[in-house]
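Notes for the one structure printed next.
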Amino acid sequence: MSQTPISASPSLQGRVTLIILAGALVLSAAMGTRQTFGLFINPFSYDRGVPVTLVAFAIALHNLVWGFAQPFAGAMADRHGPAPVVAAGALAFAGGLAMAALAPSGVWLVIGLGVLVGLGISCTTFGVVLPAVSRAVTPERRTMAMGLVSAGGSLGQVALVPVAQGLRQTYGVSTSLFVLALVLCCAAPLGLFMTMQRRSKTATAGTASGATPTPATSPDEAEHVSLRNVLHQACTHRGYQLLTLGFFTCGFQLAFIATHLPGYLLMCHMPIGLGATALALIGLFNMLGSWACGWLGGRYRQHHVLGWLYLIRGAAIAIFFLLPKTDTSVVIFASVMGLTWLGTVPLTSGLVAKVFGTRHLGTLFGVCFMSHQVGSFLGAWLGGFVLDVTGSYNLLWAATAILGAVAAALHFPIDDESIVPPLRQPMPASA
């Protein structure tokens with residue numbers, strides 16, 4: 061006879077809400093601070109004599125460090141819970157910002173802004189936060205909950221950029237970086253609220269109809285599959301391979317646009333402030349887009365939603381590049397990009413959880429995300445390289461649009477059938 065999932069008590073529902081809120085605040089602090097880095101390139105160069113290329117390298121380096129550290133940060137969170145990982149990451153992030161604020165030379169700037177910040181971000185963003193959220197909700201509501209957290213995390217991107225800009229103009233670079241470091245320190249203890257408490261009592265559901273009592277299994281007690289075995293399963297799973305390759309495109313597209321859109325608009329003789337306005341619009345519409353993608357992922361197959369998302373993004377890039385540039389076209393482009401910006405994250409992590417379960421989700425999503433960050437590094441770096449060699453961004457715009465179609469072709473054939481035995485799937489509280 062079929063088993064009925066247990067209902068969530070008000071206390072458990074409150075716990076889930078607390079996890080979602082804490083996760084959104086951690087993401088807001090980390091991602092919002094990261095979005096401010098472009099504000100410091102020229103001040104570091106003009107005020108301290110650090111070459112622009114070295115400052116840009118430090119900022120680009122944190123993407124690589126973030127990507128390669130993410131699987132390890134996810135594995136630590138899978139094993140020990142998010143609390144110590146978030147705390148250590150937030151302090152490393154804050155330490156990197158403080159080191160950059162006091163850096164007497166470019167070398168210390170690279171260590172602080174490149175290495176320490178990269179390590180800190182790997183412990184305070186998607187690969188640690190989203191698995192914690194996914195374990196707290198039912199599979200049916202998993203992608204929607206992760207989309208909600210991603211949307212809440214976007215609030216930091218909208219709020220901290222103008223704050224950092226105002227502090228930099230009024231008090232200088234060092235004060236601005238120290239305030240951002242303080243924000244990260246405040247986020248350090250929030251990981252304590254992101255762990256679902258174990259439930260040892262046996263709950264019964266549907267006893268009136270004769271259903272077998274169902275134990276309230278903690279997600280950490282379920283899916284006893286070794287990390288080595290699950291990594292082997294993932295590396296040999298064609299769907300996971302396609303998902304990882306497709307995530308490279310997301311990183312490439314986003315990093316190229318975030319890094320080079322303002323400069324490209326200036327080359328097109330657009331108003332000076334329009335680039336900053338476009339980036340702000342991307343962050344604003346990303347809040348709606350992340351939530352919407354999570355909602356769609358809970359009602360349709362995630363890899364199909366991902367495929368259409370990449371097609372829409374690629375088409376928007378191509379149309380924007382080919383049509384004449386006006387203020388209106390820039391606003392429309394930024395809005396569409398915002399709607400498709402980070403919606404890939406809850407869908408990708410939700411698809412990994414659906415196929416492999418949540419026990420090692422932090423590790424498996426971390427491996428996927430490493431591909432994303434390699435794409436991010438190349439998108440940011442190749443944009444500058446191609447501009448230096450050819451004098452224009454034309455090749456990169458074309459490549460970015462084509463990659464959208466390639467990513468869609470990779471996602472549609474993914475096999476999303478779960479490989480976790482049904483009776484071993486965790487049964488968390490409803491969101």
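All residue numbers for the sequence shown refer to our numbering, where the first residue is 61 and numbers rise by one.
All C-beta atoms, glycine included, are put in the ideal place defined by N, C-alpha and C.
Cut-off 6 Å between Cβ atoms - residues of its own chain near residue i, not counting five sequence neighbours on either side
| i | result |
| --- | --- |
| leucine 305 | Leu470 |
| valine 405 | Phe186, Ser210 |
| alanine 294 | Tyr300, Leu424 |
| leucine 455 | Val446 |
| alanine 247 | Val86, Ala89, Ala150 |
| phenylalanine 57 | Because the chain in this structure spans residues 61 to 491, residue 57 falls outside the shown range and cannot be described. |
| threonine 309 | Leu463, Ala467 |
| arginine 373 | Thr400, Gly464 |
Beta-carbon proximity of residue i to residue j, cut-off 7 Å
| i | j | result |
| --- | --- | --- |
| valine 209 | alanine 84 | yes |
| leucine 244 | alanine 143 | no |
| tryptophan 351 | glycine 207 | yes |
| aspartate 476 | arginine 298 | no |
| threonine 203 | glycine 426 | no |
| leucine 492 | phenylalanine 312 | Beyond the ends of the chain as shown, which are 61 and 491, falls residue 492; an answer cannot be given. |
| alanine 338 | valine 390 | yes |
| phenylalanine 307 | histidine 432 | yes |
| leucine 157 | leucine 237 | yes |
| leucine 580 | leucine 325 | Outside the displayed range of the chain (61 to 491) lies residue 580, so it cannot be described from this structure. |
| valine 146 | glycine 216 | no |
| serine 234 | alanine 163 | no |
| alanine 154 | alanine 241 | yes |
| methionine 430 | phenylalanine 100 | no |
| glycine 141 | threonine 255 | yes |
| leucine 369 | glycine 403 | yes |
| alanine 39 | phenylalanine 253 | Outside the shown range of the chain, which is 61 to 491, sits residue 39, and nothing can be said about it. |
| histidine 122 | glycine 178 | yes |
Local Cβ density within 10 Å of residue i, reported as buried at 16 or more and exposed below that
| i | result |
| --- | --- |
| aspartate 138 | buried |
| serine 194 | buried |
| methionine 327 | exposed |
| cysteine 428 | buried |
| isoleucine 518 | Nothing about residue 518 can be read from this structure; the chain reaches only from 61 to 491. |
| tyrosine 453 | buried |
| valine 125 | buried |
| serine 436 | buried |
| histidine 420 | buried |
| serine 478 | exposed |
| histidine 292 | exposed |
| glutamine 229 | exposed |
| proline 191 | buried |
| arginine 94 | buried |
| serine 409 | buried |
| tyrosine 231 | exposed |
| serine 214 | buried |
| threonine 184 | buried |
| proline 384 | exposed |
| isoleucine 80 | buried |
Reduced DSSP secondary structure (H/G/I, E/B, other) of residue i
| i | result |
| --- | --- |
| phenylalanine 472 | coil |
| lysine 414 | helix |
| isoleucine 79 | helix |
| alanine 163 | coil |
| cysteine 183 | helix |
| histidine 363 | helix |
| arginine 258 | Summary for arginine 258: the model assigns pLDDT 44, below 50, so the residue's position carries little reliability, and this model does not support an answer. |
| methionine 397 | helix |
| leucine 402 | coil |
| methionine 330 | coil |
| proline 249 | helix |
| serine 478 | coil |
| threonine 96 | coil |
Contacting residues, own chain, Cβ-Cβ under 7 Å from residue i (five flanking each side not counted)
| i | result |
| --- | --- |
| alanine 413 | Ser194, Arg202, Leu421 |
| isoleucine 474 | Gly299, Leu302, Leu303, His363 |
| isoleucine 119 | Phe97, Leu173 |
| phenylalanine 393 | Ala376, Phe380 |
The ligand GTP heavy atom lying under 6 Å from the CB of residue i
| i | result |
| --- | --- |
| valine 434 | With respect to small molecules bound, the structure shown includes none, and the ligand GTP cannot be examined in it. |
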